[in-house]
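Structure, as structure tokens:
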Amino acid sequence: MSFSKFRISLALAALLALGGCGSVANWVTPYKIDILQGNVITREQVEALKPGMPREQVRDILGSPLLASVFHADRWDYVFTLQRRGQEPLRRRVTVFFKDGVLERHEADELPTEAEFVASLDARRDKKAKPPALEATEQQLKDFAERNKPQAPPLPASAAPTPATTNFPPLESGR
33 MSFSKFRISL ALAALLALGG CGSVANWVTP YKIDILQGNV ITREQVEALK PGMPREQVRD
93 ILGSPLLASV FHADRWDYVF TLQRRGQEPL RRRVTVFFKD GVLERHEADE LPTEAEFVAS
153 LDARRDKKAK PPALEATEQQ LKDFAERNKP QAPPLPASAA PTPATTNFPP LESGR
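Following our numbering, the numbering of the sequence shown begins with 33 at its first residue and continues without gaps.
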């Protein structure tokens, strides 16, 4: 009898363990990365656009367009998509129109500032923490230059290279 009680106890323990695994399924999930596609365009970049700018200057500010159609040579489309696990994809679009090779106008969705965009990338970050500086001060640049000076020892005069004294035969023989 004790053997059958042991088997029943073992079967009951196995069922409880399997039942517990069903509620743990949401705890253990595979890692899914955030998918960023396209050009990140910020409010500051769009505000820097002025009518009359040449295409090269617009490309310097916004980057290369994601869509440049052969059929619409006077239009560049910048599309940005951010897809996170468990959330609807975030889509932003900026369209730039040219006339005679210069910027005529632009249309854009509601765009974040650069600081807002960076803050939205890491939702787990401490909101009270100060964002890192994106530019170095003059003093930091000087300190960096001093720390990274090339340390080339001066060459003694006797170690100077001597000119080559090799004589080569003529390429053509004189006949």
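We put the CB at the ideal spot given by N, CA and C, even for glycine.
| Query | Result |
| --- | --- |
| Reference K64; option with closest CA among Q119, P144, Q172 | Q119 |
| Cβ shell of V150 (< 7 angstroms), same chain only, five flanking positions each side left out | P163 |
| Contacting residues, own chain, Cβ-Cβ under 7 angstroms from M85 (five flanking each side not counted) | V134, L135 |
| Beta-bridge pairing of H138 - partner residues as DSSP gives them | V128 |
| Secondary structure of V90, DSSP reduced to three states | helix |
| Residues bridged to D106 (per DSSP) | Per DSSP, none; premise fails for D106. |
| Presumed contact (8 angstroms Cβ cut-off) between P83 and R137, rounded CB distance | 7 angstroms |
| Per-residue burial, F38 [other beta carbons within 10 Å of its own, 16 or more giving buried] | exposed |
| Distance between R116 and D66 (C-alpha atoms, nearest Å) | 5 angstroms |
| Cα-Cα separation, T145 to T113 | 16 angstroms |
| Burial state of L173 (16 or more Cβ within 10 Å) | exposed |
| Buried or exposed by the 16-neighbour rule on C-beta atoms within 10 Å, applied to V102 | exposed |
| Rounded straight-line distance, which links the Cα of P62 to that of S152 | 22 angstroms |
| Three-way DSSP call (helix, strand, coil) for F176 in this model | helix |
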